[in-house]
Every structure is written in C-alpha cells, then in structure tokens.
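**Student:** Questions regarding the structure given below will be posed in turn.
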Amino acid sequence: MTVISAAGQAVELDHGTGAALARELIDMIVSVLGEVYLGELEDSTLLPAEPGQLAITTDSFVVDPPFFGNGDIGKVAVCGTVNDLAVSGAVPRYLTLAMILETGLPFSSLVRVLNSVRDAAVEAGVRIVAGDTKVVRPGEADQIYLNTTGVGFAAGRVMRMTDVRPGDHVIVSGFLGDHTVHLLSIREGLGFETRVLSDCAPLNDLIATVIGGTGPAAVRSIRDITRGGLAGVLHEYSARLRCAIRIRRDALPVRHETAMALDMLGISPLHCANEGCVCLFVDPAASADVLATLRAHRYGAHAAVIGEVGALDHASVELADADGRVSELEDLRGAELPRLC
Amino acid sequence: MPSENKTSGPPSGADATAHCQIRVTGVVQGVGYRPFTVNLARARGLTGWVRNDPQGVLIEAGGKPGELSGFAAALKELAPELAKVTGVSVHWMPITSELPSPFEIRTSGTAGRPDTIVPADSHVCADCLRELFTQTDRRYRYPFINCTNCGPRYSLIRGLPYDRARTTMAAFVMCERCQSEYEDVANRRYHAQPNACPECGPSLMAASADGEQLVKDEAFWLAVRMLRAGQIVAVKSIGGYHLAADARQAAAVSRLRRRKKRDAKPFALMVRDLETANRIAEISGHETELLNSPARPIVLVRKRRAAGIPGQLPEVIAPRSPNLGLMLPSAPLHHLLLAEPGLDVLVMTSGNVSGRPIVFRDEDALAQLYEVADLILYHDRAIEIRVDDSVLRSSVHPDLAEPVLSFLRRSRGYAPYPVEIEPELPPIVAYGAELKTTVAVTSGRRVYLSQHIGDLKNDETFASHRRTARHLTRLHDLRPAYAACDLHPDFRSTRSALVEYDDRVYQVQHHHAHMASCMAENRLSGLTLGVVFDGAGYGPDGTIWGGEFLLGDYAGFRRVAHLRRLPLLGGDKAVREPIRTAFALALDAVDDSAMSAFPALSTLSSRQREVYAVMALRRVNSPLSSSMGRLFDAVAALVGICTHAEYEAHGPIELEGLLGRNLELGDPYPFGRQKLDQVTEVDTRPTIRRLAEDLAAGADLRTLSLGFHSGVVTMVVAQCEAVRREQGVEQVVLSGGVFLNEFVLVNCLVKLRAAGFAAYAHRQVPPNDGGIALGQAVVAGARITAQAAPGGLDPASKARSFVNEGGG
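Just so you know, the protein sequences line up as chains F and G, in that order. First residue of the first sequence? That's -13 in the working numbering, and the numbers climb one at a time after it. First residue of the second sequence? That's 10 in the working numbering, and the numbers climb one at a time after it.
Okay, here's the thing in structure tokens:
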C-alpha cells in the first residue's frame, strides 16, 4: 500500500479547478491505485481489442453511508459494474472511475475509498483505465459519489433474458438481504451492523466457474440482484417473457440474523438490494450441477434453488408459502429504502 | 326497494270490458311469479296471458276495470315470498282482439336488454321440507328437492332470462314426471328450473381421504357416521363447500381448529331448528326473523350463559366471544344431516384452507380439502359462481325505535340484489378495494352489488374478482362505460381498472367512498359529515388514513379532522403484530419510565424495543397512519389481550367482546383536540395516559375496555358538534369497518341523534370494504355528471380536483 502523507488534509473546492491542487489530487489518486491504474493521463486511453463481442455497462453510486463495516462505496462501485458485465457472459477487463467529492471530505476517507477500489479491482482482475474528479460545494453531494463504466469481452455464448424456457429452475447464489440490513443498520443506528455484514463481492469468477463448469447453455440467463431486490429481477423476467414465475418462501436463503432483523423492520428479503448475489435461470436437467458448482465457490456457499419458470402465457410472479397458499409477489413501486447502492 | 305503481286512467263504465298491459319489474323470475299471476287472474275471471322477458314479467289482461285494478294491486301485495316487486305499471289499451281464456302462460320473450333482477339463492320451503321427510313422496330424502318457491338460484345461473338451459342444471334431462310438473301451470314446480328427482337429477357422492368412494344413501350415511365419530366432513352446500364437525364434541372442534390453522376466530354453527338455536343462544324476535328468512344468513346472537347445564357447547367454538354465529339449514342436504340424532348442532365453517377462498369446484375440493377434511360429501350439480355465507347482526338499544341491522358480510341470499339509490348513474363498474372486495355495476338508479369476493392479494381470489365482474355485467347485459376504483396505486383492483378502462377510470379516495356508500344507501344528498373509521386507506397526502372526519358530498370532500398519526412500525407487519402499534402509541404518549405501566410491552425483548424505538423516531419503514382500527389494535395489545393478530380486527373484536354486548356507556377516556391549519387533530395521548393510570391502579379488563369504547363515542359526538358549530352541518354518516363495533355504532347513533344530528349508519351493505364499491360507483357517477354539465371540469383533473387535503 502506498503511504500518502495526507493526515488532516481535506478536499477543497480548488482541488477541482484544474490548477496545481488538482494535479496534486490526481497524483495522489494514481499513486493509491498503483498497479491497477493503466491510464495514460491523456484525454483518452487506447486499449487492445479482444476477440468476441464488446460488453459495456455504466453505473453511478451514491450509497449512504459511503463507509460501512466491511466495505465502502469504492468496493461497491467496482463490484457492481464487474458483476453487471459478468452476468451477460462477458469477461470484465477495464473500468473507468469518476468521482464527485464534497468539499471537506477528509483525504483519509478518499484514500480509504481508493484502497477499496484497488483491492476489489485486483480481486476481479480489472484495470482502471480512465478517471475524472469533480469537487462540489458543501451540501451539493453527500461526501462522495462514484461512477464506473465497465468494458469486457464475451468470446463465448452471450446470455440473454429471452433464452429462459418454461420449466427452468430459478437459483440464487447466496444469502439475501445482508447488504440492506448492514447499511440500514448503520444509517439508522439499529445495532445489527456487527452481526450482519454486506455481501458486496465481485462475482465474475463465480459466474465464469459456473458457466465453464457446467454444460453449454445449462445456464440460460443470470441477473445481478441489486436495487429492487429479487422481486424486481423476477418481475423484469416475467414481464419481458410473459411468463409465470413461482418461488417458494421457505426455499429462500436468508441468514438467521438477517431474517430476525428484517422481521423487526417489516422488510421482505425479496425487496432487499444485494451487492454480491445473482439470480440464475437454469436448465432443470443441469440444476443440481450448477448448484453444486456454486456451493463449492466461496461466494456461492449458500446458493439455493428457489423456484421455477411456469408457462409462457401470462406475466406473474407468485410466492408460495409452506402451506401451499399462493399470493402475487408485489413489485415495489417507490423506493422505500433509498440509496443502498 | 322502492316501488312505483304507474296507472293510466281506466276507461269509464264499470261493467264494460277493458284491456290493459301490465309490466312488473324486480325479482320476478325464478320465484313462481307466473303461476301466481295465472291463479290470481283466473280467480278474478280475467282473460289474457303472462310471460317472462328480459325486463321482467309482461301481462296482458282483460276484464272489468275494477277487477283489473284489484289484480294490478295484488300483483305486488300478494307476491310470492321470494319475489321482490319493484314496479307495477298499468297501461290501458284499446280492445283490438280477443285475449285467451282461460288466462295462460306464454313462452319467454328474449328481446331487449335484461332489466329483471337475478334472484338470490334461497332456503328450502315448507312444502319441499314436508315432502323431503314424507316416506311416500317420490322425493323422500332427496337432497336436491326444490320448487319455484325455494332453492338455489344465483349460484347456478349462467345467463338471463332464467331458464334451465342457462343454469348448471342444463346437464340433467328431466324425466317424464319432472317434465310434466315443470309444464303444469297448477304445479308448484311449474318452470322450477332446478327441478329434479332421484330418477333424473343430481346425486350425492362421498370420497374419503382413504380413497373410499360411495354414492347416494351410502354416501350420506358414511358422512353421518364420520361426523358422529368426531371427524371432519367437507359438505358441498349452495354457494361452496363447508367444513362440518359435530359442535358438541370439543375434540372434533379442536381437530378442525388445528387442521384449519385457526386458533381463535369463532366458528359458525348450523343448528337443526329454532328450538335448538334457543337452547344455546338468546334470540330476539328480530334475530328469529333474520334466521328464518329465505337468505338463511349467519346471525350473531348472544351465547346462552348457563353454567352447569348439560348440553352446553364447548368454549372452543367461539372462545372469548359473547356471541355465537348461528344459521339454520339452507339446503335439503343440511336438513337431512341435522335431522340425525345427536347432530343437531354442527360447526359449518367456510370450506377453504387457510388464506385461500372458499372452494366451490369439486376438483378443487378433492385437491385441497383433504388437508382439513376426512371425507368430502359432494354432488354433481355444479356451482356456477362462489357465494359465501352472509353474516348479519341485529342490535337493539332502548333509545332506538328499531333494531340496527348490520351486514358483516353480504353474500348468499342477498347478492346480486341491487341497492336502489337516488341519483341516476351512468354505466359504471366499481372494482372495490383490496380486502373483503365486492364488485358493483350500475344500471340507472340501481347498483348491483356482488357477493363477497375476499382479499385480492390472493391469486385465486383475484381471478374470482375478474370472473365476478364479468359475470355480473353479462348477467344483466350491462356495458359499463366507466370504471371506478380506489386511489391506492398498488391495489390489484386499481391496476386492472386502469389497464381495462384507461382514461375512463375514476379513482376514488377510500374513505370518501365509504362515506358516499353510506349516503347512497340511505338516499342522502347535500352537505354531510362522514365519520369514517377503518383499518387503512390511501390518503391523497401519501399517509395512511383511517380515523377521519370528512365534510362533503358525492362529488367531493374536505378532511376536517383526523386521529393523531402514529408510525406503523414495519408497515403491514404492524397490522399482524399489533404490539408494534401499541409500542409506538405508548412511546408517543408517555415517557420512558411510564412504559412499564403496560405489562404487555414486556413481551418484547429489549432488542425489539431498541429497534422499534429507533424505527418510530427515525421512521424506518414506518409509514404514518391516522387509523382508528390501528388505535383499537394498539389498545387491545396494551391491555394484553391480543399482541399478535390471527385474523383481521382480532384484537378489537376481543376488546369489544369483554363488554359482553352490554351497550351502556361508562366513564369515557379523554381524547385531546388541537387545530393544525384547517384540520383538527384528535389527540390519542390523553387516552393512553389514562389507560396507563387505570392499568397501574389494577382496573379489570372490562373497565379498561368500557372506558376506551365510551371515550371513542364521546369523542365522535364532541368532534361532530365542533364541526357543526363551524360549518353548520346537521347530517352525519358513520362508515368504515370500525363501525362493525356494536358498542361504538349504536352509541354513536344514539348520542348523535340526542345531540340533534340526523345520523345514519349502513343497513343494506357492510360498513367495511364490502360496501366500498357502492360508494366508488356513486362518487364516480357524480364526477361524470359534473363534467358533462356545462362548464364541467376538465376530465384530466378528475382524479384530484375534488380532493382538498386541507393541510395537516
């Protein structure tokens, strides 16, 4: 880790004006990012193309609070974009990093974010290839906002929503709700934050392992379960495919402490945002294989089959209780729990 | 129902022969009306004919003018028991040809739009009952006996005019003897569409969980043996399945509770006859009338308390309730079962598994009900549409001239009868809200209200909502041009209205619809104060309403007062766990040290209390609500009688139950009042502080309940008086599910009237969401009419223009 002599310093408006102070800030950023930074500090970066198709995605991050128990906005910004690339079947390669900093943000905080960006990028095997920094007046932003744009290449099969078939199994790769409980708990002072940590993680290796380790086309489609929760993902598929998706409440993987917290809060794990959990639609014949592969991976130990895709005649998401009663799973309209990613 | 007797002047000359055409409207088909007409006409020596058509019954008659006038009057006055004549209009005609003699029945005319009212399902008449138990009768012990005076109707009708081909009896071809009864004008079964006998009609079947299958008598006797053995039998009744158990065996009732996963909610009972009913309950004259009526509803009557007397029913039937829900047999099969020695009282609860609608199709019964039942007793006469039992209550008070009739559920025997209202409405279908949904369809001054459908969050129930809406419009050949629905954007009823009717949808605020519903059935107009108390409804200000004083009319309203808002900790979770609301209420009213006054709160762990306190203060997933229902929940939880609800209004019902149906007011708990901008906040904090004091002083539960109930009544009267002083309003309507609370309803009526108000309650439709579709329809109608008027409103503003939030 590069040591920066930034103790006591904070971001000033002049750090964004393009003068000497700005250069100082950029030097500091580049030095913290170290080997994951590939940029040329030119107006653009030129990179070699790879075979297959180019995958590109972008996301902005405003998570509140930006610093939490086992991570921060920097880790979320890298993992979120890496996971978005990976679920389409692409191998993530490059990220850009744009930052909006509130005047007064301590340099130590900025360094913490950058360290997280670097560590997550190293784990995910991606490089930061371009960046931008803007500084705004106090109150115009809440400490720090990030944007990352990711580029990857898909040499093999590209997965699409429309590949999903009736009868396909629905699998989630890990516990639901941890990220939401952890953040909400810190934000509101609920006291769950030490017992439940965020699940934030880069899942490209997990996804590559599953796709590579099971037969071709066994995994039809994968989606990152973030904002809107699993309910949002299922509604998106159901509406797009005009299909019924039925899931079982008692099959949902939820950590005991998380379940207790969500119960007290009156929040369904199905509506929680996650940062290290994906939903897979899988050929039922390959479902056991996929599950075993997932469970062998450190980020998939709690994977579970939670339901299946029904007939392609009407769009609905149904939730079956243990006693057989079925109700429609509601899709949240408004943001009941804002700024979790 | 109002009736209109229009009569044009008869020709002069008392002895001359005259001809006239008579139109009879109302419930006049499928109720023995034509044979009745023939007999009436022949007795007066009239010539002519009668026939059914889509508008009702049409008659042409000839005879002396005096006889004809008397005949026309008798058509309404002497009508058969099941008929409901809403209009008899007479048109005198020139004599152009001879009329048939003797007076005859002609085949149904099918031209024109149906305007006749579909008959509801009815009981077994005395004649059929006699035949059922007469050994020599060819229908001796035949479970499908019926005639024009009785039997199933709405539950098996597929279309109008009401003919066998358009019922689920179409599958059965009548034998010669049945056919000849059907064709004989003098016979009680003349055109009795479900007419059947053991030769040609449906038959009984039984299928046990063990796979045993029996038919007819053997099926029946197996069911009897199993009931006697304390087992549970699913019985196919008129509008769906019941789950039956011998009510005298506590073990059988407990088994039913276990299997239905229903620990606390009282079970309804079917009793052999009134004599049996009187042995287990105290029944008034009015209640007897209701029990005996052709609709055969469940009536909530007072348990007979006579400890130590043999023949007492086990407490597990209706624990902690002063009431029993009783009904008399409504189908021949019920009469046969209950006639068996020892089986004079059966639990007859709705035939469903927890959370799902009542089963009415045999395949669903066989697929679902073995979870609860040991045997399924069914038959091959299909039920066209699900119709639950209706539930009623009659309340008396010395200061009220008449008993107050409340519908807790308006369904079998009453649906699809229309509510007749004052203003003529454009063609509208109203989709109701989300819980206890019913559908309403308008036709002029009639609003046809469907049977109880239920909670639309359940998929099957929602499907049945769609089906009922289609069935109701098709039956009456109505083509609604507009839809009315709730303001809540997430209700499935709202979403389907918006999808199907697009820009012809009128979204009606929940409590305005409640208020309008009560106004409409009482035929009120003009400035009205609506006291609307319920569990929850979407407010135009984004908070949840439910303890509201609304000033307005059909077209619009202003919120003049509401209950102090409370955070619902965890949203919907607070409804299932009233202890959350109790905690929030206590936190609002008393300081930390006084929280210990409520022992019930100690059932919460310290962790829960920490989290709930943060949720309340920082409003984490805790929407604000001014709901009176939640206040009742919270008080019931604070006194420790219901911290977790098993069914809707569980706590409030048990809190009221403590009063034992004694309606005498006690020392009222205080409510505060403060003006915020133009809206008054009714403050619950003084109430809760008083509750804490009384709890600390060791007051018994009944005293606490009485103080709170009396406080609510006193607060309502005081608040209405305050609004009268400022706004001059004299007319008050009481609506919303909280007004199913007998103590609050009756005392509010009595005290408001004593204070000089013209106060009204619901009588024909439920005060809860079961009546809300009616209100939606009339509000939508008022807006449509206002827009059509010169200088009418811009249609784009329809959803919001009448809502004045009035701050707060």
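Ideal Cβ positions, reconstructed from N, Cα and C, are used throughout, including at glycine.
Out of curiosity, what's the CA-to-CA distance linking F:Ala106 and F:Arg209?
**Tutor:** Residue numbering aside, residue 106 of chain F sits at position 120 when the first sequence is read from its first letter. Residue numbering aside, residue 209 of chain F sits at position 223 when the first sequence is read from its first letter. Each residue's alpha carbon lies about 20 Å from the other.
**Student:** Quick check for students: name the residue ranges of the alpha helix (DSSP H) that lie wholly in the stretch 236 to 280 of chain G, counting only runs of 4 or more.
**Tutor:** Counting only runs of 4 or more, we get 259 to 269.
**Student:** Give the list of continuous beta strand (DSSP E) stretches no shorter than 3 residues that lie fully inside the stretch 474 to 507 of chain G.
**Tutor:** You should have 491 to 495.
**Student:** Is it buried or exposed for G:Ile385, if we count other Cβ within 10 angstroms and need 16 for buried?
**Tutor:** To locate residue 385 of chain G, count along the second sequence from 1; it is residue 376. Classification for G:Ile385: buried.
**Student:** Give me, in chain order, the residues of the same chain whose beta-carbon lies closer than 6 Å to that of G:Ser415; leave out the 5 immediate sequence neighbours on both sides.
**Tutor:** Counting from 1 along the second sequence, the entry for residue 415 of chain G is found at position 406. The residues are Arg402.
**Student:** So, helix, strand or coil for F:Phe93, using DSSP?
**Tutor:** To locate residue 93 of chain F, count along the first sequence from 1; it is residue 107. In this structure, F:Phe93 counts as helix in the three-state DSSP scheme.
**Student:** Could you tell me if G:Ile104 is buried or exposed, where buried requires 16 or more neighbouring beta carbons within 10 angstroms of its beta carbon?
**Tutor:** The count along the second sequence starts at 1 and reaches residue 104 of chain G at position 95. G:Ile104 is exposed by the Cβ-count criterion.
**Student:** Is the stretch 238 to 248 of chain G close to the stretch 375 to 385 of chain G, with three or more CB pairs under 8 Å?
**Tutor:** Short answer: they touch.
**Student:** Mapping DSSP to helix, strand and coil, what is G:Asn813?
**Tutor:** Position 804 of the second sequence holds residue 813 of chain G. Confidence in G:Asn813 is poor, its pLDDT being 39 and thus under 50, which makes the residue's placement too unreliable to answer from.
**Student:** At a CB distance below 8 Å, what residues from the stretch 296 to 315 of chain F approach chain G? Give them in sequence order.
**Tutor:** For the stretch 296 to 315 of chain F, which is checked against every Cβ of chain G, the residues closer than 8 Å are Ser302, Glu304, Asp307, Asp309, Gly310, Arg311, Val312, Ser313, Glu314.
**Student:** Can you find a CB in chain G that lies within less than 8 Å of the CB of F:Ile233?
**Tutor:** What you label residue 233 of chain F is simply residue 247 of the first sequence in a count that begins at 1. Taking Cβ atoms only, chain G never reaches closer than 8 Å to F:Ile233, which makes this a no.
**Student:** Taking C-alpha atoms, which residue in F:Ile292, F:Ile231, F:Ala204 lies nearest to F:Pro239?
**Tutor:** Locating residue 239 of chain F in the first sequence gives position 253, counting from the first residue. It is F:Ile292 whose Cα lies nearest to the Cα of F:Pro239.
**Student:** In or out: G:Tyr563 buried (at least 16 other Cβ within 10 Å) or exposed?
**Tutor:** Along the second sequence, one-based indexing puts residue 563 of chain G at 554. Flag for G:Tyr563 reads buried.
**Student:** Whole angstroms are fine: how far does the CA of G:Arg616 sit from the CA of G:Gly579?
**Tutor:** Counted from its first residue, the second sequence places residue 579 of chain G at position 570. Counted from its first residue, the second sequence places residue 616 of chain G at position 607. Looking at the two C-alpha atoms, the distance is approximately 15 Å.
**Student:** Quick check on F:Thr3: buried or exposed, where buried means 16 or more other Cβ atoms within 10 Å of its Cβ?
**Tutor:** The residue given as residue 3 of chain F occupies position 17 in the first sequence. Flag for F:Thr3 reads exposed.
**Student:** Does the stretch 599 to 609 of chain G come close enough to the stretch 538 to 545 of chain G that 3 or more CB-CB pairs lie under 8 Å?
**Tutor:** Short answer: they don't touch.
**Student:** Mind listing the chain F neighbours of G:Glu619? Cutoff is C-beta to C-beta under 7 Å, in chain order.
**Tutor:** Residue numbering aside, residue 619 of chain G sits at position 610 when the second sequence is read from its first letter. Those are Gly177, listed as they occur along chain F.
**Student:** Do you know whose CA, among G:Asn158, G:Met102, G:Ala82, G:Thr34, lies nearest G:Pro44's CA?
**Tutor:** On the second sequence, residue 44 of chain G is found 35 positions in, with the first residue counted as 1. Cα-wise, what sits closest to G:Pro44 is G:Asn158.
**Student:** From which residue to which residue does the alpha helix (DSSP H) around G:Ile793 run?
**Tutor:** Counting from one through the second sequence, the residue named residue 793 of chain G turns up at place 784. Its alpha helix (DSSP H) spans residues 781 to 797.
**Student:** Closer than 7 Å by beta-carbon distance: list the chain F residues that pair up with G:Gly580, in chain order.
**Tutor:** Within the second sequence, numbered from 1, the residue matching residue 580 of chain G stands at position 571. What G:Gly580 touches in chain F: Gly252.
**Student:** Within 10 Å of its beta-carbon, does F:Pro51 have 16 or more other beta-carbons around it, so buried, or fewer, so exposed?
**Tutor:** Taking the first residue of the first sequence as position 1, residue 51 of chain F is located at position 65. When all chains shown are included, F:Pro51 counts as exposed.
**Student:** Could you round the C-beta distance between G:Leu346 and G:Gly360 to whole angstroms and report it? I think they count as a contact, below 8 Å.
**Tutor:** Within the second sequence, numbered from 1, the residue matching residue 346 of chain G stands at position 337. Within the second sequence, numbered from 1, the residue matching residue 360 of chain G stands at position 351. At roughly 15 Å, the Cβ-Cβ gap does not stay under 8 Å, so G:Leu346 and G:Gly360 are not in contact.
**Student:** Provide the residue(s) that pair with G:Met336 in DSSP beta bridges, ordered along the chain.
**Tutor:** The residue given as residue 336 of chain G occupies position 327 in the second sequence. BP columns for G:Met336 point to G:Met279.
**Student:** Using a Cβ-Cβ distance cut-off of 8 Å, determine whether F:Glu21 contacts chain G.
**Tutor:** Indexing the first sequence from 1 puts residue 21 of chain F at position 35. Taking Cβ atoms only, chain G never reaches closer than 8 Å to F:Glu21, which makes this a no.
**Student:** Give, in chain order, every residue of the stretch 455 to 466 of chain G whose Cβ lies closer than 8 Å to some Cβ of chain F.
**Tutor:** Hits within the stretch, in order: Lys466.
**Student:** Closest by CA to G:Pro776, which one among G:Arg419, G:Leu283, G:Arg792?
**Tutor:** Numbered from its first residue, the second sequence carries residue 776 of chain G at position 767. Here the closest residue by C-alpha is G:Arg419.
**Student:** When we look at the beta-carbon of G:Glu586 and count the other beta-carbons within 10 Å, is it buried (16 or more) or exposed?
**Tutor:** If you number the second sequence from 1, residue 586 of chain G lands on position 577. Classification of G:Glu586: buried, given that the 10 Å Cβ count is 16 or more.
**Student:** Assuming G:Val732 contacts G:Val569 under a Cβ cut-off of 8 Å, what Cβ separation, rounded to an integer in Å, is found between them?
**Tutor:** Residue 732 of chain G sits at position 723 when you count from the first residue of the second sequence. Residue 569 of chain G sits at position 560 when you count from the first residue of the second sequence. About 5 Å separates the two Cβ atoms, so the contact holds.
**Student:** Is the stretch 340 to 358 of chain G touching the stretch 188 to 197 of chain G, taking contact as three or more C-beta pairs under 8 Å?
**Tutor:** Too few Cβ pairs lie closer than 8 Å, so no.
**Student:** G:Asp692 bridges to which residues according to DSSP?
**Tutor:** What you label residue 692 of chain G is simply residue 683 of the second sequence in a count that begins at 1. DSSP, once it has assigned bridges, lists G:Gly681 as partnering G:Asp692.
**Student:** Examine chain F for any beta-carbon lying closer than 8 Å to the beta-carbon of G:Ser131, and answer yes or no.
**Tutor:** In the second sequence, counting from the first residue as 1, residue 131 of chain G sits at position 122. Judged by the 8 Å Cβ criterion, G:Ser131 is not in contact with chain F.
**Student:** Look up G:Lys760 in the DSSP assignment and say whether it is helix, strand or coil.
**Tutor:** As a working mapping, residue 760 of chain G is identified with position 751 in the second sequence. In this structure, G:Lys760 counts as helix in the three-state DSSP scheme.
**Student:** Just to check my reading of the structure: G:Asp468 and F:Glu314 have Cβ atoms closer than 8 Å, yes? What is that Cβ distance to the nearest angstrom?
**Tutor:** The residue labelled residue 468 of chain G in the question sits at position 459 within the second sequence. The residue labelled residue 314 of chain F in the question sits at position 328 within the first sequence. Going by Cβ atoms, the distance from G:Asp468 to F:Glu314 rounds to 6 Å, so yes, they are a contact pair.
**Student:** Can you pull the chain F residues whose beta carbon is under 7 Å from the beta carbon of G:Ser611, in chain order?
**Tutor:** Counted from its first residue, the second sequence places residue 611 of chain G at position 602. Neighbours of G:Ser611 on chain F: none; closest Cβ ~17 Å, over 7 Å.
**Student:** Mapping DSSP to helix, strand and coil, what is G:Leu355?
**Tutor:** Along the second sequence, one-based indexing puts residue 355 of chain G at 346. Three-state DSSP puts G:Leu355 in a strand.
**Student:** Across which residues does DSSP place G:Glu393 in a beta bridge pair?
**Tutor:** Position 384 of the second sequence, counting from 1, holds the residue named residue 393 of chain G. G:Glu393 is not bridged to any residue.
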